[in-house]
Amino acid sequence: PIPQCLLAFSIKQLDEDGNCWARETTLLGMHSEYGSYTLIKIIDGTGKRLEAFADMQKSVNDGEKIKGTTVKTQIQALGTETLWPGLPNKAATSSDVEALLQSQTPRS
């Protein structure tokens, strides 16, 4: 383990619904602005898109930069079968995620 005086992480819930979280990074005892960020839930546990989904999709499609340096990628990080059985064993593109969501959407 890395001593916390060198590198530490924390996470704090920012809203009552659990849709927004602050991930804080401390490096050598000082707050790291670049290593800290806000996590926003875009899909709920049933696969339903939340309000923030459209904002995320727009920021990816527009090539929005993260902290002014790198653009958001269209490839999303998903666990592999070694971490979470049943999930795809490859990185998923936005179209892969879209197809997965469409396949799980109840038809009327």
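Going by the working numbering, the letters in the sequence shown line up with residues 7 to 114, in that order.
Every residue gets a Cβ at the ideal spot worked out from N, C-alpha and C, and that includes glycine.
7 Å CB neighbourhood of residue i in its chain, flanking five on each side removed
i, result
"Leu-34", "Leu-12"
"Gln-19", "Trp-27"
"Lys-73", "Tyr-40"
"Thr-31", "Phe-15, Ser-38, Gly-41, Ser-42"
"Met-62", "Ile-48"
Check whether residue i and residue j have beta carbons under 8 Å apart
i, j, result
"Ala-78", "Ser-65", "Note that residue 78 corresponds to Lys in the displayed sequence, not to Ala. A contact, by the Cβ cut-off of 8 Å."
Cross-strand partners of residue i (DSSP beta bridge)
i, result
"Cys-26", "Ile-46"
"Gln-19", "Trp-27"
"Leu-33", "Leu-13, Met-36"
Spatial neighbours of residue i in its chain, beta-carbon cut-off 6 Å, leaving aside the 5 residues before and after
i, result
"Glu-70", "Lys-78"
"Ile-17", "Trp-27, Arg-29"
"Ile-46", "Cys-26, Ala-58"
Neighbourhood of residue i by C-beta, 8 Å cutoff - its chain only, sequence neighbours within 5 removed
i, result
"Ile-49", "Arg-55, Leu-56, Phe-59, Leu-107"
"Thr-44", "Leu-20, Cys-26, Trp-27, Ala-28, Arg-29"
Closer than 8 Å to chain C by CB, residue i
i, result
"Gln-19", "Given the protein chain composition of this structure (a single chain), no chain C is represented."
Self-check item: 4 or more residues per run - each alpha helix (DSSP H) lying fully within the region 35–82
Solution: 58–67
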